[in-house]
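Below: the structure, in structure tokens.
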Amino acid sequence: MRIKDGFTLREIVGQHVVIGEGLSQVNFNKMIHMNDSAAYLWKSVVGKDFSVKDLTDLLLERYEVTEEKASADAAALAAKWIEAGIVTE
Numbered sequence: 071m072r073i074k075d076g077f078t079l080r081e082i083v084g085q086h087v088v089i090g091e092g093l094s095q096v097n098f099n100k101m102i103h104m105n106d107s108a109a110y111l112w113k114s115v116v117g118k119d120f121s122v123k124d125l126t127d128l129l130l131e132r133y134e135v136t137e138e139k140a141s142a143d144a145a146a147l148a149a150k151w152i153e154a155g156i157v158t159e
């Protein structure tokens, strides 16, 4: 997977949101809200190819969770990002 060009994580009034910027994102008419964990993952993989395993490993490095929980959360987040159209598979 890879974050699509033109999507940027911003902090707006204390909230992490991904917004589309530039002409290539002209049909993207929403903001994606992210919690602190999702924002951490986004910042860690921006500009890189990544997999659900990479996201899982990042969660395990930062948080005290089981591998099963980290893997499930990473897979769910990746699926949401793909569904929203902000990453490519």
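Our numbering puts the first residue of the sequence shown at 71, with every later residue one more than the last.
A virtual CB, placed ideally from N, CA and C, is assigned to each residue, including glycine.
Remember, predicted model here, so these are calculated numbers, not experimental data.
N- and C-terminal bounds of the alpha helix (DSSP H) containing residue i
{"i": "Val122", "result": "Val122 to Arg132"}
{"i": "Glu91", "result": "Unbroken run through Glu91: none, as it is neither H nor E."}
{"i": "Ile152", "result": "Glu137 to Ala154"}
Spatially closest choice to residue i from the options, by CA coordinates
{"i": "Ser141", "options": "Trp112, Lys123 and Leu79", "result": "Lys123"}
{"i": "Leu147", "options": "Thr78, Gly92 and Leu125", "result": "Leu125"}
{"i": "Ala109", "options": "Thr78, Leu130 and Gly92", "result": "Thr78"}
Cβ pair residue i, residue j closer than 9 Å
{"i": "Ala144", "j": "Ile102", "result": "no"}
{"i": "Arg132", "j": "Ser107", "result": "yes"}
{"i": "Lys74", "j": "Val135", "result": "no"}
Unbroken beta strand (DSSP E) run spanning residue i, endpoints
{"i": "Ile102", "result": "Ile102 to Met104"}
{"i": "Glu81", "result": "Phe77 to Ile82"}
Cα-Cα separation between residue i and residue j, rounded to whole angstroms
{"i": "Val67", "j": "Ile89", "result": "This structure gives no information on residue 67, because the portion of the chain shown stretches from 71 to 159."}
{"i": "Val83", "j": "Glu138", "result": "33 Å"}
{"i": "Leu129", "j": "Leu111", "result": "8 Å"}
Under the three-state DSSP convention, the category residue i falls into
{"i": "Val157", "result": "strand"}
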